[in-house]
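Per this note's numbering, residue 78 is the first one in the sequence shown, and the count goes up by one each step.
Glycine included, C-beta positions come from ideal geometry on N, C-alpha and C.
From a predicted model like this one, the values you see are computed outputs, not experimental measurements.
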Amino acid sequence: MKKGFVFDLDGVITDTAKFHYIAWKELGHELGIEIDLQFNEQLKGISRMDSLERILVHGGRENDFTAEQKEELAAKKNQHYVTLLQKLTPEDLLLGVKDFLDQAQALGIPCAIASASKNAPFILEKLGVIDEFDAIVDPATLTKGKPDPEIFVKACELIHVAPGDAIGFEDAQAGIQGIKGAGMYAVGVSTGEALDGADKIITHFTEITAKELSEL
Ligand code: B16
Ligand code: MG
Numbered sequence: 078m079k080k081g082f083v084f085d086l087d088g089v090i091t092d093t094a095k096f097h098y099i100a101w102k103e104l105g106h107e108l109g110i111e112i113d114l115q116f117n118e119q120l121k122g123i124s125r126m127d128s129l130e131r132i133l134v135h136g137g138r139e140n141d142f143t144a145e146q147k148e149e150l151a152a153k154k155n156q157h158y159v160t161l162l163q164k165l166t167p168e169d170l171l172l173g174v175k176d177f178l179d180q181a182q183a184l185g186i187p188c189a190i191a192s193a194s195k196n197a198p199f200i201l202e203k204l205g206v207i208d209e210f211d212a213i214v215d216p217a218t219l220t221k222g223k224p225d226p227e228i229f230v231k232a233c234e235l236i237h238v239a240p241g242d243a244i245g246f247e248d249a250q251a252g253i254q255g256i257k258g259a260g261m262y263a264v265g266v267s268t269g270e271a272l273d274g275a276d277k278i279i280t281h282f283t284e285i286t287a288k289e290l291s292e293l
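Rendered as structure tokens:
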């Protein structure tokens with residue numbers, strides 16, 4: 078029996094990738110670095126500073142800024158991103174998510190968020206689902222990003238469930254690797270791209286029930 082659920086945020090609960098894209102593209106434009114949708118895929122699940130580093134390498138500008146300047150660039154992108162997040166409403170929850178979370182709550186299955194995003198609490202507030210979660214891992218407390226299992230292990234600790242008794246939900250390859258590295262069961266949320274190592278793949282949460290997963 079599975080006793081806990083751990084969710085990634087972007088690409089699983091809601092699609093904030095489009096807002097990250099707009100904000101990074103604008104910053105890239107100011108730096109003379111072209112960012113397209115294909116390159117944006119590489120930024121999914123990657124922390125803010127690691128995303129900036131990848132963008133600078135992509136534009137051949139990795140040696141042009143001090144650590145302090147990079148902090149300023151990342152802060153500028155985040156300011157723009159947070160402005161875009163103001164538009165979020167419960168309508169922006171991905172298909173079937175609200176119902177699935179309600180089912181988990183009714184069954185008494187604790188739910189946690191394991192997102193690289195420092196904006197996760199704000200996003201969950203805007204989506205109207207923050208009360209459905211028993212824990213949100215603070216990414217500032219982590220030493221390593223995904224694909225390291227650390228964030229998933231921490232999420233399990235916070236909801237007092239052994240990783241072997243937990244299910245992780247992820248849309249990014251690095252996240253699936255992290256979930257499997259933690260020793261959890263991995264559900265990949267995919268709209269087409271392959272997610273190697275996932276135990277099960279879904280397109281939407283309407284395809285599964287909390288009860289059937291808890292009985293695995
Ligand atoms: P922030 P996830 C990730 O969310 C995004 O996929 C990634 O593009 C972003 O850079 C990262 O959060 C950090 O977000 O700038 O808000 O701290 O998929 O781990 O939920
Ligand atoms: Mg994600």
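Simplified DSSP assignment, three categories, for residue i
| i | result |
| --- | --- |
| G184 | Residue identity differs from the one stated: residue 184 is Leu in this sequence, not Gly. Note: L184 maps to helix in three-state DSSP. |
| K288 | helix |
| G265 | strand |
| L293 | coil |
| A232 | helix |
| K277 | strand |
| T93 | coil |
| D211 | coil |
| F142 | coil |
| G255 | helix |
| E247 | strand |
Any non-hydrogen atom of the ligand B16 within 7 Å of residue i CB
| i | result |
| --- | --- |
| D113 | no |
| A263 | no |
| K195 | yes |
| N155 | yes |
| L178 | no |
Given residue i as reference, the closest of the options once Cα atoms are compared
| i | options | result |
| --- | --- | --- |
| D273 | L290, K195, S291, A249 | A249 |
| F282 | L178, T166, N155, K153 | L178 |
| G185 | V238, N117, G88 | V238 |
| G81 | I279, A232, E284 | A232 |
| I110 | F199, E130, T93 | E130 |
| S267 | R125, M78, G88 | G88 |
| I236 | G258, A212, G269 | A212 |
| L150 | G260, L204, G105 | G105 |
| E148 | M126, E139, T280 | M126 |
| C188 | K175, N196, K195 | K175 |
| E202 | A144, L170, G265 | L170 |
| L165 | E209, A197, I132, E284 | A197 |
| E284 | A271, S194, G265 | G265 |
| D242 | K153, G260, G255 | G260 |
| Y158 | F142, K195, E145, E118 | K195 |
| K221 | G122, V206, A275 | G122 |
| T280 | I207, G258, Q146, E247 | E247 |
Cβ-Cβ distance between residue i and residue j below 8 Å
| i | j | result |
| --- | --- | --- |
| V83 | G245 | yes |
| F229 | P240 | yes |
| L114 | W101 | no |
| K223 | G252 | yes |
| I190 | L86 | yes |
| G137 | L108 | no |
| Q180 | A263 | no |
| L204 | T91 | yes |
| M78 | E292 | yes |
Contact test: residue i Cβ vs the ligand MG heavy atom, cutoff 7 Å
| i | result |
| --- | --- |
| V83 | no |
| V89 | yes |
| K221 | no |
| K121 | yes |
| A249 | yes |
| G252 | yes |
Chain B contact for residue i (CB, 8 Å cutoff)
| i | result |
| --- | --- |
| E111 | In the structure shown, chain B does not exist; there is a single protein chain. |
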